[in-house]
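Residue numbers in the sequence shown follow my numbering, run continuously in steps of one, and reach 455 at the last position. Glycine included, each C-beta is placed from N, C-alpha and C at the ideal position. Single-structure report; data block below.
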Amino acid sequence: MVKQGFLWVIRFLVGGLFIFSGLIKVNDPVGTSIKLEEYFDVFSNDIAGFFAYLKPFALELGIFLVVLEVVLGIMLILGVRSKFTVWALSLLILFFTFLTFYSAYFNKVTDCGCFGDAIKLTPWESFYKDLILLVLIAILFLFQADLPRSSPRWAKIVAMSALILSFVLAITAVRNLPFIDFRAYKVGVNIPRNMQPSATLEYSYVMKKGDELVTFDQYPSDESLEFIEMNLKNPDALPKISDFAVWNDEGDFSEEVFTGNKVLILVSSMAKISEANLDEIDQLVKSLSGSPVQPVFVAAASQEEIKNFTSTRGWDVLSLQADATVVKTMIRSNPGIMVLKDGEVLAKYHHNNTPEATDVLDFFMK
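Laid out in structure tokens, this is it:
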């Protein structure tokens with residue numbers, strides 16, 4: 090009886106964590122695919138070149154993995170096909186543990202994306218979390234004979250329903266935008282304010298005095314002390330946005346973007362841009378001409394690529410360059426649309442939901 094209770098606690102903890110992790114990523118499968126692409130880039134350089142061939146399938150693999158996490162977590166708790174579930178979780182946690190160890194030890198991918206953008210873990214924190222899960226799943230693996238051998242019909246229906254619902258939610262998030270935005274560019278955020286520390290940054294200074302290390306809150310004036318390192322005491326006060334910049338051949342235009350009413354048309358990759366709704370975006374740009382709202386084209390591309398694209402589309406707009414990672418963080422759509430008023434994010438749109446000019450203008454009439 091004690092053993093069954095112990096195993097039930099482990100099932101609940103492991104299953105609950107997989108469900109929680111999976112649901113956060115079902116909310117944003119594109120973010121998971123971006124993280125997988127980072128791993129494939131690293132592995133193709135460090136381990137084997139064939140990983141590069143997996144990059145075009147990162148989104149499909151991402152959807153598969155996030156849905157699998159949710160469904161396996163539910164199956165484990167409900168006792169549905171326990172032997173299969175434990176085997177699948179064992180393989181999955183071995184895969185995740187390898188990824189997080191590689192990230193931590195070689196400092197290659199500094200954010201594993203284990204909980205999407207909702208909870209940020211350091212590489213070593215991610216590894217230790219997976220190591221604990223590995224031990225717990227190993228216990229379940231060893232005591233498979235004591236796990237439920239069958240489950241009621243309703244449990245199987247719940248598991249199947251979770252599979253279908255998770256898949257539908259993931260596809261919906263891909264075709265639109267995440268249901269909940271955990272990033273530093275979410276609606277309501279003032280971008281230039283997020284680029285500033287939330288409080289005065291405080292540091293401690295480690296100095297060496299003979300064979301002893303001494304820590305000071307202020308840099309000491311004693312010249313006999315040897316400086317060792319400087320540590321930030323309040324890292325939570327660091328700016329939430331540290332890498333935003335937009336520019337062209339004329340210079341930096343970040344302040345210009347944060348001034349007045351703007352509609353940013355964002356492209357993270359010219360090679361992968363979807364052409365499905367470009368006609369609607371053409372109409373939006375055309376309709377905003379002469380209005381109090383300025384369209385701005387921002388792309389992770391060369392100035393020549395940007396010029397060729399805007400000329401082809403007939404857009405007479407301010408065109409700027411940006412870093413691809415920044416653009417992907419700003420919006421999970423290529424292209425995507427962001428409405429700004431003095432740097433505050435008023436709205437974000439997937440290209441599938443390109444707004445009418447009247448809808449955009451309404452934001453500035455409120």
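Along the segment 297 to 334, the beta strand (DSSP E) occurs as fully enclosed runs of 3 or more residues at 301 to 305 and 315 to 321, listed in sequence order.
According to the DSSP assignment, Gly-120 belongs to the alpha helix (DSSP H) that extends over 118 to 135. Within 10 angstroms of the beta-carbon of Ile-208 lie fewer than 16 other beta-carbons, which makes it exposed. Assignment of alpha helix (DSSP H) within the segment 154 to 241, counting only whole runs of 4 or more residues, yields 171 to 195 and 212 to 231 in chain order. Pairwise C-beta distances place the segment 333 to 352 in contact with the segment 400 to 411, as three or more of them are shorter than 8 Å. Across the set Phe-453, Arg-170, Asp-135 and Leu-220, the C-alpha of Phe-453 shows the shortest separation from the C-alpha of Asn-350. For the options Glu-393, Ser-331 and Met-427, the alpha carbon positioned closest to that of Val-374 is the one of Met-427. If you look at Ala-446, you'll find it in the alpha helix (DSSP H) that goes 446 to 452.
For Lys-430, the closest of Ala-273, Gly-151, Val-415 and Glu-345 by C-alpha to C-alpha distance is Glu-345. Bounds of the alpha helix (DSSP H) holding Ser-343 are 343 to 346. Looking at the DSSP output, Glu-433 bridges to Asn-279 and Lys-430. Lys-396: member of the alpha helix (DSSP H) spanning 392 to 402, first to last residue.
The DSSP-derived three-state label of Tyr-142 is helix. Per DSSP, the beta bridge partners of Tyr-294 are Phe-305 and Met-319. Contact check for Gly-111 against Gly-162 passes: the beta carbons are separated by less than 8 Å. In this structure, DSSP gives Ala-360 a state outside helix and strand, which the three-state scheme calls coil. In the DSSP secondary-structure assignment, Pro-384 is bridged to Val-352. Bridge partners of Tyr-438 according to DSSP: Ile-426.
Ser-376: member of the alpha helix (DSSP H) spanning 367 to 377, first to last residue. By DSSP's assignment, Gly-340 forms a beta bridge with Asn-337. Taking a cut-off of 8 Å on C-beta distances, the segment 289 to 300 touches the segment 311 to 327, as three or more cross pairs fall below it. Between Lys-275 and Gln-233, the C-beta spacing is not below 8 Å. The three-state reading of DSSP puts Ser-250 in helix, counting H, G and I together. A distance of 8 Å or more separates the beta carbons of Asn-441 and Pro-267. According to the DSSP assignment, Gln-410 belongs to the beta strand (DSSP E) that extends over 407 to 410.
Here the segment 186 to 198 makes contact with the segment 207 to 225; the two share three or more CB pairs at distances below 8 Å. Secondary structure of Leu-258 (DSSP, three-state): helix. Phe-109 carries a helical assignment under DSSP once its states are collapsed to helix, strand and coil. Taking all protein chains in view, the Cβ of Ser-422 is crowded by 16 or more other Cβ atoms within 10 Å, so the residue is classified as buried.
As the crow flies, the alpha-carbon of Ser-376 is around 18 Å from that of Thr-401. With a contact defined as Cβ atoms closer than 8 Å, Asp-206 and Phe-271 qualify at about 4 Å. In the three-state DSSP reduction, Thr-289 falls in the coil class, being neither helix nor strand.
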